[in-house]
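Here the structure is laid out as structure tokens; the discussion comes afterwards.
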Amino acid sequence: MNDKVITLPSADEMIARLMKVQDDELAQSLYRNVAQRAGEEKVAAGIIMMFSLGIYDVCQGYPPMMQNLLSYNIPAWVDALVDDKEVADAAKAFWKEATSKK
287 MNDKVITLPS
297 ADEMIARLMK
307 VQDDELAQSL
317 YRNVAQRAGE
327 EKVAAGIIMM
337 FSLGIYDVCQ
347 GYPPMMQNLL
357 SYNIPAWVDA
367 LVDDKEVADA
377 AKAFWKEATS
387 KK
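Offset between the sequence shown (1-based) and our numbering: plus 286.
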């Protein structure tokens, strides 16, 4: 696993980048949730955890399927949010490993 650290952009920048991937109401709730982490330092696994926990938080009260539908976009959100290709690739690899059926 890659331990390289990135610093998340400002909240406004995070939301603007993520909106280019998906802009429905539930996704916007997620973006507001993860934007609370603006300026924090993250490693690849931390980026995935941020999205996973955010999805869990915003999907409370929705059918479980909604978590799966939002989670489908995690790799695209990583690409939109993380400028460092090495960290983005490591995050997506972590996501793939975490969600693969063994």
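Backbone N, C-alpha and C define an ideal beta-carbon position, used for all residues, glycine too.
It should be emphasised that the depicted structure is a prediction, and the values quoted were computed from it without experimental measurement.
Alpha-carbon to alpha-carbon, Ile333 and Arg323: The straight-line gap from Cα to Cα measures roughly 10 Å.
Consult DSSP for Lys382 and reduce its assignment to one of helix, strand or coil. In this structure, Lys382 counts as helix in the three-state DSSP scheme.
Opening and closing residue of the alpha helix (DSSP H) in which Pro361 lies: Looking at the DSSP string, the run of the alpha helix (DSSP H) that includes Pro361 is 360-367.
Could you work out which residue in Thr293, Ile292, Ile301, Glu383 is closest to Trp363 when comparing CA atoms only? Of the candidates Thr293, Ile292, Ile301, Glu383, the one whose C-alpha sits nearest the C-alpha of Trp363 is Ile301.
Bridge partner(s) assigned by DSSP for Ile292: As DSSP reads the structure, Ile292 sits in a beta bridge with Lys328.
Pick out whichever of Val329, Pro349, Val320 has its Cα sitting closest to the Cα of Trp381. When the alpha-carbon of Trp381 is set against those of Val329, Pro349, Val320, the nearest one is in Val329.
Kindly indicate which three-state DSSP category Val344 falls into: helix, strand or coil? Look at Val344 here: in three-state DSSP terms it is helix.
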